[in-house]
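J.: Have a look at this one before I ask anything.
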Amino acid sequence: MIGQTLGGRYEILERVGGGGMALVYKGQDLLLNRKVAVKILRQQYVHDEEFIRRFRREAQSAASLSHPNVVSIYDVGQQDEIHYIVMEYIEGTTLNELIKERSPMQVEEAINIASQICDALDHAHHNGIIHRDIKPHNILIGRNGRVKVTDFGIARAATSSSITQTGSVIGSVHYFSPEHAKGTQAGEMSDLYSLGIVLYQMLTAKLPFSGESPISVALKHLQENVEAPRSINPLIPQSVENLILKSMRKRPEERYQKASDMMKDLETCLLPERRNEAKLELWEPEYPEDMDDQSTRVIPTIRSRQYTNPIVPKNESYSRPVYTDNEEDDDDYEYEYEEPPKKKAWLKPTIWIVVLLAILGGMLGLYKTMEKMFVVENVKMPNLVGIKQSEAEYKLRELKLTAKIEVQTSDKEVQEVIKTYPEADMEVKVNSEVILFVSIGPDLPKMLSFKGSNYKDALAKLSAMGVDTETQVTINYIYAEDTPSDIVRDQEPGVDQPFDPKTASIKLTVSQGKETVKVPDLLNMTVSQAKAALAKNDLVLNDKVTTEKSDKIEKGKIIMQTPYDPNMEVPRGTKISVIVSDGPDEVLKTQISVPLKPSVEGQKSEFKVLLTDDKSNNKQVFKKKIDTAETIDVPVIVSPNKSVTITVYENDIEVDVITHRYEDLKQ
Numbered sequence: 001m002i003g004q005t006l007g008g009r010y011e012i013l014e015r016v017g018g019g020g021m022a023l024v025y026k027g028q029d030l031l032l033n034r035k036v037a038v039k040i041l042r043q044q045y046v047h048d049e050e051f052i053r054r055f056r057r058e059a060q061s062a063a064s065l066s067h068p069n070v071v072s073i074y075d076v077g078q079q080d081e082i083h084y085i086v087m088e089y090i091e092g093t094t095l096n097e098l099i100k101e102r103s104p105m106q107v108e109e110a111i112n113i114a115s116q117i118c119d120a121l122d123h124a125h126h127n128g129i130i131h132r133d134i135k136p137h138n139i140l141i142g143r144n145g146r147v148k149v150t151d152f153g154i155a156r157a158a159t160s161s162s163i164t165q166t167g168s169v170i171g172s173v174h175y176f177s178p179e180h181a182k183g184t185q186a187g188e189m190s191d192l193y194s195l196g197i198v199l200y201q202m203l204t205a206k207l208p209f210s211g212e213s214p215i216s217v218a219l220k221h222l223q224e225n226v227e228a229p230r231s232i233n234p235l236i237p238q239s240v241e242n243l244i245l246k247s248m249r250k251r252p253e254e255r256y257q258k259a260s261d262m263m264k265d266l267e268t269c270l271l272p273e274r275r276n277e278a279k280l281e282l283w284e285p286e287y288p289e290d291m292d293d294q295s296t297r298v299i300p301t302i303r304s305r306q307y308t309n310p311i312v313p314k315n316e317s318y319s320r321p322v323y324t325d326n327e328e329d330d331d332d333y334e335y336e337y338e339e340p341p342k343k344k345a346w347l348k349p350t351i352w353i354v355v356l357l358a359i360l361g362g363m364l365g366l367y368k369t370m371e372k373m374f375v376v377e378n379v380k381m382p383n384l385v386g387i388k389q390s391e392a393e394y395k396l397r398e399l400k401l402t403a404k405i406e407v408q409t410s411d412k413e414v415q416e417v418i419k420t421y422p423e424a425d426m427e428v429k430v431n432s433e434v435i436l437f438v439s440i441g442p443d444l445p446k447m448l449s450f451k452g453s454n455y456k457d458a459l460a461k462l463s464a465m466g467v468d469t470e471t472q473v474t475i476n477y478i479y480a481e482d483t484p485s486d487i488v489r490d491q492e493p494g495v496d497q498p499f500d501p502k503t504a505s506i507k508l509t510v511s512q513g514k515e516t517v518k519v520p521d522l523l524n525m526t527v528s529q530a531k532a533a534l535a536k537n538d539l540v541l542n543d544k545v546t547t548e549k550s551d552k553i554e555k556g557k558i559i560m561q562t563p564y565d566p567n568m569e570v571p572r573g574t575k576i577s578v579i580v581s582d583g584p585d586e587v588l589k590t591q592i593s594v595p596l597k598p599s600v601e602g603q604k605s606e607f608k609v610l611l612t613d614d615k616s617n618n619k620q621v622f623k624k625k626i627d628t629a630e631t632i633d634v635p636v637i638v639s640p641n642k643s644v645t646i647t648v649y650e651n652d653i654e655v656d657v658i659t660h661r662y663e664d665l666k667q
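Structure follows, in C-alpha cells:
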C-alpha cells in the first residue's frame with residue numbers, strides 16, 4: 001500500500017496502526033495539501049456485501065458528526081477491492097499509551113479527559129450514533145491536550161455484521177457492558193459503562209475485570225462486583241468513586257441514562273462540597289434474573305483472535321493467555337507456547353483420552369451454562385400508531401420493551417403516536433429500545449422577540465399574526481431604572497417558542513421608566529426642613545444652596561425651588577435646588593424734590609406724579625390742578641444697587657422723568 005494513491009487524491013505514506021477490521025495509514029491529501037489518516041478495510045471483509053453496505057452507511061453517518069472531541073471523517077471511498085475512510089490525522093498519542101506511562105493519573109487530569117470523551121459521546125448519541133467500542137486505544141490525545149474519540153460508527157457496523165456472519169462478538173471484552181457481552185442491543189448506556197471502565201483504569205492503573213480468556217472476562221462483567229476504586233487508590237475522592245460505580249452498574253436503568261447526565265456529575269464531582277459525599281452502595285445482584293427466564297436465543301461466542309480454547313500440540317504445553325500490546329487490538333489474546341521437557345516415552349494414550357474427555361465435558365458444561373445465561377426472547381412489535389403515548393408506553397412495558405420518545409409536528413392530536421421504529425409486526429428482542437414518534441400538534445409559528453421594542457409595536461405585530469390582543473395579551477407595567485417608559489422588558493412565551501396565535505396567552509412586561517414621586521412645596525421652609533421633606537419622597541436637596549436678599553421672606557427660609565415646582569412628578573432620587581432668603585437689604589429712605597410748573601402761567605393744569613422704588617411700581621403719589629409753579633417732596637425707599645424713578649404728567653402728558661441711583665441719593 002505504501003506509495004499508492006487512492007481516489008486519485010490520497011497518497012499512502014506509512015502504516016501507523018491497525019485493528020481487528022482495518023489497517024491505518026498516514027497519508028497526504030494531494031488536493032488540499034494536508035496530512036490525513038486513511039483507514040483501509042482488511043481483505044477478509046471485502047467480499048461480504050452486507051458488511052460493506054453496513055460499513056459504508058455507518059461510516060457516512062459518523063462523517064456527519066462535527067465536534068471538537070471527535071476525529072473528523074473527511075471522505076469514504078472504494079478503489080477496486082480497497083474500501084477506505086479518510087480521517088483527520090492527529091499528532092499525539094493514545095490514551096492507552098498515556099495510561100501505561102502515567103497511571104494512576106492525577107484525578108483532575110483523568111476527570112478532564114473523561115469529560116471530553118463524555119462530551120463527544122453526548123454529541124454522537126444526539127445524532128443517533130452509538131460507539132460500542134469505547135476504550136483507551138480509540139481515544140487520541142493531541143499535542144495540545146485535546147481529546148479526540150475515533151472509530152465512531154465503525155464499531156456499530158463491525159458488531160452487527162460480525163454477529164450475523166461469523167457468530168462472534170468482535171470488540172474489546174475488557175470494556176464490554178454486560179448487555180454487550182450478553183449479546184443484547186447495546187445503546188447509549190453501554191457507551192457510558194465503557195467510559196466508566198476507562199476512568200477506572202486511568203485512576204487505578206488496572207482493569208476492573210480480567211481473566212484468562214475472553215469468556216471469563218465477559219462472565220465477570222455479568223456476575224461479579226467491581227472492586228471499589230478507592231480501595232486501590234485512596235487518593236480518589238468519594239464523589240469520583242460514586243461516579244465510576246454508577247456508570248458501571250450491571251443494570252442499564254441504574255446507570256446514567258444520558259451522556260449529558262454523566263457530564264453534569266463530571267463537572268461537579270471535584271467541588272469541595274462533594275469530595276466527601278456519602279458512599280454509593282457497592283453491592284448489587286447478579287445480572288437481572290428475569291433475563292434468564294426469557295425464551296432462548298444462543299448468543300454468539302466471544303473469542304480471542306486466534307483460539308477459542310487452545311488445542312495443545314503433542315509434546316507442547318501452554319502458559320496462561322498473555323495480554324499483549326500488539327498493533328491489531330490491545331484487547332485480543334494470544335497464547336504463548338513453551339517448549340517443555342521431553343515427555344517420557346511410556347506416557348500411556350489412555351491418559352490423553354481421560355484428559356480429552358475431561359476437556360470435552362468441561363466444554364459441554366460451559367456451553368450449557370452459557371446457553372442458559374445468554375437467552376434473549378423475541379417478541380412481535382405491536383401496532384401503536386394512532387394511540388396515546390401513555391398507552392403505547394404501557395403496552396411496550398408489558399412486552400419488556402423500552403420506549404424512546406421523539407416528538408414531531410403533525411395534524412394529529414397532541415401525544416398521539418404517529419409512527420414507530422421498528423414498525424408493527426417486526427420481530428424485536430426483549431429489553432431493546434423502540435422509538436415512538438409522538439405528535440406535538442400542527443407546525444406552529446415561533447414567537448417573535450419584542451424585548452426592547454415599544455409595546456404598541458409589539459401589539460401591532462401580534463395582531464398581524466392573528467392574536468386577539470384585547471383578550472389574549474396581558475400587560476404588566478413595572479418601574480425600571482434602566483429602561484425607558486413603554487419599552488418591553490420581558491415576554492411570555494419566550495423568543496422562538498412555538499405558540500398557537502388563536503389560543504395562546506401572552507404576557508408582556510412593560511417599563512414605566514423610573515418610579516416618580518411628587519415634589520413637596522418647600523417655600524418658607526428652612527434648609528433642614530426642606531431636606532427632611534424631600535427625603536420622605538426619596539428626593540435629594542442640592543448641596544449648593546443659593547441665597548438672595550428679600551424683605552418679604554424671613555432670613556434663612558426658602559424663597560424659591562428649582563427646577564421643579566411643587567406637586568410636579570419627578571423620578572426618585574432627583575435633586576432639587578433652592579434659593580434661601582438672606583434677609584432685607586440695607587434700604588435708604590429719603591425724599592426727592594419734584595418741581596411742577598404749568599406750561600401756561602395762570603392757566604390751571606392737572607399734574608400727576610408716579611413713583612417706582614423698592615416698595616412701589618408706577619404708584620401714583622400726587623395728583624392736583626395748579627396754575628402756578630410749585631415744588632413737592634416725594635418719599636422714596638431704595639436699596640443698594642437699585643434706583644428710583646419719578647415720572648411727572650401734565651394733563652396726562654409725560655413732561656418729566658427723574659431718576660436717582662441708590663449711590664447718588666446716599667451722598
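Residue numbering for the sequence shown follows UniProt numbering, starting at 1 and increasing by one per position.
Virtual Cβ for every residue (Gly too), placed ideally from N, Cα, C.
1) Determine the direct distance from the alpha carbon of E398 to that of A62, and round the result to whole angstroms.
2) Is it true that the CB of L522 sits closer than 8 Å to the CB of Y455?
3) Would the beta-carbon of V16 fall within 8 Å of that of V24?
4) I'd like the list of long-range same chain contacts for P501, defined as Cβ closer than 7 Å, with 5 residues on each side in sequence excluded.
5) Using only CA atoms, which one of N225, L199, R9, K624 lies nearest to N33?
6) In chain order, what residues of the same chain have a beta carbon less than 7 Å from the beta carbon of S64, not counting five sequence neighbours either side?
7) Should the region 219-228 be regarded as contacting the region 260-271, the criterion being three or more beta carbon pairs within less than 8 Å?
8) Give the single residue among T503, Q497, V438, I653 whose Cα lies nearest to the Cα of T469.
9) With a CB to CB cut of under 6 Å and the five nearest residues on each side skipped, what residues in its chain are close to K666?
10) Alpha carbon to alpha carbon, what distance is there between D119 and D29?
11) Measure the beta-carbon distance from V570 to V517 and round it to whole angstroms, keeping in mind my assumption that it falls under 8 Å.
12) How big is the Cα-Cα spacing for I646 and V578?
13) In its own chain, which residues sit with a C-beta less than 8 Å from the C-beta of D425, not counting the 5 before and 5 after it?
14) With C-beta atoms as the reference, is L203 less than 8 Å away from P68?
15) Is the region 609-618 close to the region 559-574, with three or more CB pairs under 8 Å?
16) Assign R57 to one of three DSSP states: helix, strand, or coil.
17) Pull up the distance between the alpha-carbon of E188 and that of S247, whole angstroms please.
18) Determine, using beta carbons only, whether K135 and Y200 come nearer to each other than 8 Å.
19) Is P104 helix, strand or coil by DSSP?
20) Going by the DSSP bridge assignment, what does A37 pair with across the sheet?
21) Can you tell me whether V147 is helix, strand or coil according to DSSP?
22) V385: which of I435, S511, D585 sits nearest, CA to CA?
23) In whole angstroms, give me the CA-to-CA distance for P237 and K258.
24) I believe A124 touches V70 by the beta-carbon criterion, under 8 Å. Please report the beta-carbon distance rounded to the nearest angstrom.
25) Mapping DSSP to helix, strand and coil, what is K245?
26) Indicate whether E586 and P635 have their beta-carbon atoms separated by less than 8 Å.
27) Since K412 and I405 are thought to touch, with beta carbons under 8 Å apart, how far apart are those beta carbons, to the nearest angstrom?
28) Provide the residue span of the alpha helix (DSSP H) that contains P136, from first to last.
29) So, is D443 buried or exposed, given that buried needs 16 or more other C-beta atoms within 10 angstroms?
30) Using the rule of at least 16 other Cβ atoms within 10 Å of the residue's Cβ for burial, across every protein chain shown, is E241 buried or exposed?
31) Q512 to G573, Cα distance in whole Å?
32) Let me check one thing: in DSSP terms, what residues is I418 bridge-paired to?
33) Within 10 Å of its beta-carbon, does D329 have 16 or more other beta-carbons around it, so buried, or fewer, so exposed?
34) Quick check: the Cα distance between V312 and F209, rounded to an integer number of angstroms?
35) Would you be able to state if there are at least three C-beta pairs under 8 Å between the region 105-119 and the region 134-151?
36) With respect to 7 Å, is the separation between the Cβ of V36 and the closest non-hydrogen atom of the ligand GDP below this value?
T.: Here's the rundown:
1) The C-alpha of A62 lies about 34 Å from the C-alpha of E398.
2) For Y455 and L522, no; Cβs fall outside 8 Å.
3) In this structure, V16 sits near V24, with a CB-CB distance shorter than 8 Å.
4) Result list for P501: P445, M465, G466, V467, in chain order.
5) Checked all of N225, L199, R9, K624; the closest Cα to N33 is R9.
6) Taking S64 as the centre and dropping the five residues before and after it, the same chain places the C-beta of N127 closer than 7 Å to its C-beta, in chain order.
7) Fewer than three Cβ pairs drawn from the region 219-228 and the region 260-271 lie within less than 8 Å of each other, which leaves the two stretches out of contact.
8) The shortest C-alpha separation from T469 is found at T503.
9) Excluding its 5 nearest sequence neighbours in each direction, K666 has C-beta neighbours in its own chain below 6 Å: L588, listed in chain order.
10) If you take the alpha carbons of D29 and D119, they lie about 29 Å apart.
11) V570 to V517, Cβ: 7 Å. Contact.
12) The straight-line gap from Cα to Cα measures roughly 35 Å.
13) Cβ within range, chain order: K380, M381, N383.
14) No. Outside cutoff.
15) Flag = no, the region 609-618 and the region 559-574 do not touch.
16) Correct three-state label for R57: helix.
17) Using only the alpha carbons, I get a separation of about 11 Å.
18) For K135 and Y200, no; Cβs fall outside 8 Å.
19) In this structure, DSSP gives P104 a state outside helix and strand, which the three-state scheme calls coil.
20) Paired residue(s): K26, M87.
21) In the structure shown, V147 sits in a strand (DSSP, three-state: E or B).
22) Per the Cα distances, I435.
23) Rounded to the nearest angstrom, the gap between the Cα atoms of P237 and K258 is 23 Å.
24) Yes, they are in contact, since the Cβ atoms of A124 and V70 sit about 7 Å apart, within 8 Å.
25) Note that residue 245 is Leu in the sequence shown here, rather than Lys. L245: helix per DSSP, three-state reduction.
26) Contact check for E586 against P635 fails: the beta carbons are separated by 8 Å or more.
27) No, K412 and I405 are not in contact; Cβ-Cβ is about 15 Å, not under 8 Å.
28) Note, P136: premise wrong, no alpha helix (DSSP H); not H, not E.
29) By the C-beta density criterion, D443 is exposed, having fewer than 16 other C-beta atoms within 10 angstroms.
30) Here E241 is buried. Its C-beta has 16 or more other C-beta atoms within 10 Å.
31) Cα to Cα, the separation comes out at about 16 Å.
32) According to DSSP, which records beta bridges pairwise, I418 is partnered with nothing at all.
33) With a pLDDT of only 44 at D329, under 50, the local geometry of the prediction cannot be trusted, and the value read off the model is given with reservation. It counts as buried.
34) Reliability of the predicted coordinates at V312 is poor, the pLDDT of 34 falling under 50, and no value is obtained from them.
35) Judged by Cβ distances under 8 Å, the region 134-151 makes contact with the region 105-119, as three or more pairs qualify.
36) Absent from the structure shown: the ligand GDP. Ligands present: none.
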